[in-house]
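Sequence order for the protein chains is R and B.
Heads up, the first sequence is in this note's numbering, so the first residue is 39 and it goes up one at a time.
Heads up, the second sequence is in this note's numbering, so the first residue is 753 and it goes up one at a time.
A quick write-up on the structure given underneath.
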Amino acid sequence: MFTQGEPRAQLDGRHPLTERGMRSTGRLFMLAIASALATSVVACEPGSAARPDGQPPTSTAPLRLRRLSARELRLALEDVTGVEVDETALPERADALGYDNGPGLLDFSFDDAQKVSLAAERAVREATRRSAGWVSPACASVQHPQCRAATLALAARAYRRPLGAEDEASLGAVYDARVAAGPVGPRPFETTLLAALVSPSFLYREELGSSAAGPRTLLPNEVAVGLAFMTTGAAPDDGLVGAASDGSILDGEVRRREATRLLATPRGRLTIRAFLEQWLHTRNVTRLAKDPRTYPEFRTELAAEMRRDVIATLDDTIANEGSLRLLLTTRAAFPGKRLAEVYGVGLAAPFAKVELDESRAGILTRAGLLSVHSASDGSGPIARGLAVRSSLLCASLPPPPPGIPRAVPSQKARTTRERFAEHTRDPRCQNCHARIDGVGFGFERFDGIGRARTMENGVPIDDSGTLYDADVANGPFHGVAELERNVLASDALRACFVTHAMRFVFGNGESEADSALLRELTSAFAVDAPIAKLFADIAAHEAFVRRTAP
Amino acid sequence: MNRIGRRPFLFGGAAGLASLMFGGRLAGAPPPGPQPRLVLILQNNGTQQANFWPRAGFTSPILEPLLRDPRIASKCRFVKGVSIPADANGTDGNEHDVGFARIFTGQKLLSVGGKPMGGARSVDQTVARAFQQESMALAILSSSVEPFPKVGFDHRRSFSYVAPGVQNPPFVDMVQAYDRFFAPPPTLGADARAVLVARKSALDASLTDLARLRARVPAIEREKLDRHAEAIRDVELGLTRDIEGRRGVGALSPYRPEKPKDIGANPSALVTEERFVPELVGDAIDLTAAAVLSSAARVCTVQLGYGGGKWRFAWEGLDIDFHQEIAHRDTGDAGSTPENTAKVVTVNRWYASMVERLAAKLEAVPESDGTTALDHTLIVWANEFGRGDHSLENVPIALIGGGALHGLGKGGRTIDVGIQPFQRLGCTILRAMGLPARGFGDLPECGPFQGL
């Protein structure tokens, strides 16, 4: 059985085809977790996972600063200024883990500095344009002495903490300098708030803890901020601030209660939606390119309808039982006029809820998702197989070893399936591609923009597939809906979904040292329970407040 | 998209003032005498081995556009025998990633959640830091096959790294690059000027907060904050220039280029319209020439497509997924079918013509010491592969120009002294730029290329 602290060598994998095989840590790690669960899940009650070295399971998240993502920045700017902020004008940065809050890659570049300062300046200016007294009625009059204090109070809100003497001196100096500069240009409170909104105290979340050596517990205020961003994408509300100031936030049950409360708010539901959209990669559908010769109808308007359909389906799922099972079996869809044609359904009204047929059960059958995970000019079994393996099974495969000739698409094949079957006929490719294409072939009933099809070039569609690395779900299946039903029974799906939730919360990749925590959270996670409960479980866990020293 | 300033981080008022006075572009004019300059050009998907390396008469089917002019040919060196170990270092990367992210970082790949990232600051950023000047990073990522951003492939978006695992985001819109390095200052009224003055004071105050935070964070986070501070200072420098109505080095220079045509007005042009690629590459080359000639950016990088990119090359008469359907079929150094080999040659010949365009522009500009700008500029034209079937052997390395720089020796040669570790490329570049180096990346004692 896999245990925390096992020598890494035991995870080393050799590519099955070569002595020079590369290690695929993620795959073997997750397979080990799933395998451990297969034997332990029945015996393990929530919170009772093995703790081999007597230490509580924890994450390997280090002490660090976490820069706010574009999503978080938008909400934070809106909270301070009260005006709507355009998220596309904020720094966008890729994250290798697939989530927008990974601190490792969220650097702060020249471009980011430009964008943040301009967006903050615009928001402040717009708030002032709407009402010169938005900070405080005192600020409606430029010279009013109380405006300065009100401005600093709002700056403290932007900093998500009380201002220290140094903060007050620095921001106060900006205010005073603007007063001295005279009436031309921005008002003193505008520039002072701008200074706060371009400062690290606003742009970063601190996870630094006290100055003690070794693993550290985060400070109550840091925990409150972390919990707020995890659940609402924004700063703590009064309830959390209170729990931070009396220290009760360090109690796991208090955190569970607060997380449950916040996840039930509209902002909380939007945060779960944001997580699910990133998990499924559907945010990118509006930026996709499709070969116009193959899919002339794939235009901006259709892509926008696809995104809207996915979002509405996620919201509908979250608003109802909110479980992973519902997400992977739902038949609700919300197409506009163009997407209704793709789905082949009639509409009472654009974007009204419709029920799709059984073959379209589950979020994996939605056009937005199928379009993202496909080729630009075809259905793309490899893309779809890899998506299932990475998002649902966390069973990534090693890259092809050196020296293997690249697959060359056949010119003779009539169907996508034949073409890919031929290109993986080479026994050196078959070993991995059976695991990838085997899943992807199950999606063949849907073309590259998610339109159902029964024939391809005059040949009937075969949507039989084979699932690997999914424990009890391993084996043959027909079509996506059956794939979803089967995989719902697997420990691999549960472990993988928890892994993705941990990536979202902790903002870093998992390692072997996270295994006990992952196993414990997975044991407590049920596909029939609300997804929100998983996040509340993470919040309640000791790992949520512990960080490792670098 | 944009970039990060490269000035070494200087804390505090007096040091900040020093940075303002002497830091790169704002100094007004480059230092006297020709200064070393560096251009890195990276293409993807390998070359055609039998048709790349110069034959008798020092030319080849692929290199013919570059070697056509004897003056430029005499300044070209081609280093044979460079191989990159196909070691993904536990990441989910393949050979594309190995070549793409290792060649200019010299380090093993770094896994970030399995994604293969560069494991060190790349050589261009090391040089730019030493020059105390911002580099100009350009990339042409538009593709009709791959969307931008390409889902799950952000690690192939930039080969340039400011720190381990932290990419240097390139400009993909040439107009933005022009505006950053060459645009004249705006004409400001009193209100607009006051807005900029206020913005600058706000940014300046943020550095106080940054200093407070910096004292509390672990060393690795301190580096992150230092880069943050550099970015703020770069923005402040630009604001100062605009407030004072001064032109930057690029805007002042007689080499200031024409402003590129704004194809960004067509929203798909920078994303999905591959027909604009030749124009974008041409603009990138011209901006690069202007940047090094004017010293607006003495270090430039040009990335031609995503790592492992999938251009169709309709502009060269192909209109086919070159990566999958041509390059992968090039399974031997001698080539495969004559038709396939011809297509690999066509595409690589086009790349050579783009490199020649840059070299010719620099060769045409005389320097005060009787040399040309090309003699003071090292152009490195490299490839993520040796051959399109993912071979990392014999990666083609062209060192063009730089005759007046340290350690590059004579041009007009193919250097073929057997297998050479790829890390020697970084060491060679550092030495040519006047920076002491015994090795590079994970081979700290490898020395520069042998046989130069």
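Every residue, glycine too, gets a C-beta built ideally from N, C-alpha and C.
- Taking a C-beta distance under 7 Å as the contact criterion, A808(B) and G1087(B) do not qualify as a contact pair.
- In the structure shown, the three-state DSSP call for V222(R) is coil.
- Excluding five sequence positions before and after P868(B), the CB atoms of its chain that fall closer than 7 Å to its own CB belong to A840, T843, D844, G845, D849, A853, L861, H907, given in chain order.
- Taken through DSSP and simplified to helix, strand or coil, H1158(B) comes out as coil.
- L1130(B) sits away from L1110(B), with the two beta carbons spaced by 7 Å or more.
- By the Cβ criterion, the stretch 549 to 556 of chain R is not in contact with the stretch 515 to 526 of chain R, since fewer than three pairs of Cβ atoms, one from each stretch, lie closer than 8 Å.
- For Q795(B), the enclosing beta strand (DSSP E) stretches over residues 789 to 795.
- In the three-state reduction of the DSSP assignment, G416(R) falls in the strand class.
- A buried status is given to K328(R), since no fewer than 16 other beta-carbon atoms sit within 10 Å of its beta-carbon.
- The stretch 252 to 261 of chain R and the stretch 962 to 979 of chain B do not touch, with fewer than 3 CB-CB distances between them shorter than 8 Å.
- Around D1035(B), the same chain offers M926, P1012 as residues with beta carbons nearer than 7 Å, after the five sequence neighbours per side are excluded.
- Straight-line measurement puts the Cα of L115(R) at about 24 Å from the Cα of V217(R).
- G374(R) sits buried, since 16 or more C-beta atoms from the chains shown fall within 10 Å of its C-beta.
- For the C-beta of L246(R), the chain B residues within less than 7 Å are, from N- to C-terminus, R968, V969.
- Distance from the CA of R1190(B) to the CA of V831(B), rounded to the nearest whole angstrom, comes to 19 Å.
- The beta carbon of W1067(B) is closer than 6 Å to those of P1030 in its chain, skipping five residues each way along the sequence.
- If the five residues before and after V1051(B) are omitted, its C-beta is found closer than 6 Å to the C-beta atoms of L790, D876, V879, A880, S887, all from its own chain and listed in chain order.
- DSSP assignment within the stretch 926 to 976 of chain B yields no whole beta strand (DSSP E) run of 3 residues or more.
- The Cβ atoms of A399(R) and H411(R) lie no closer than 7 Å to each other.
- Between P938(B) and the set D994(B), P921(B), Y913(B), the nearest pair of CA atoms involves D994(B).
- At the C-beta level, N139(R) and G547(R) stay beyond 7 Å of one another.
- At least one CB atom of chain B sits nearer than 7 Å to the CB of E204(R).
- For V918(B), the closest C-alpha among the options A872(B), R932(B), L959(B) is that of A872(B).
- In chain order, S414, D415, G416, G486 place their CB closer than 8 Å to the CB of T332(R), counting only its own chain and leaving out the 5 sequence neighbours on each side.
- Residues of chain B with a Cβ closer than 8 Å to the Cβ of P238(R) are, in chain order, S958, D961, L962, L965, L977, H980.
- The C-alpha of P226(R) lies about 52 Å from the C-alpha of L402(R).
- In this structure the stretch 1109 to 1124 of chain B lies against the stretch 1038 to 1056 of chain B, because at least three pairs of beta carbons, one per stretch, are closer than 8 Å.
- Our two residues, K571(R) and T298(R), have alpha carbons roughly 7 Å apart in a direct line.
- DSSP, read as helix, strand or coil, puts V173(R) in coil.
- Cβ contact annotation for L113(R) (same chain, cutoff 8 Å, sequence separation greater than five): T270, G271, A272, R305, in chain order.
- Taking all protein chains shown into account, Q1172(B) has 16 or more neighbouring C-beta atoms within 10 Å of its C-beta and is therefore buried.
- With contacts defined as CB atoms closer than 7 Å, L1045(B) and A950(B) fail to qualify as a contacting pair.
- Judged by DSSP in its simplified three-state form, N546(R) adopts coil rather than helix or strand.
- In the displayed model, M1185(B) falls within coil according to three-state DSSP, outside both helix and strand.
- Listed along the chain, the chain R residues whose CB falls inside 7 Å of the CB of L955(B) are S155, V236.
- Per DSSP, the continuous alpha helix (DSSP H) segment holding V1099(B) begins and ends at 1090 to 1115.
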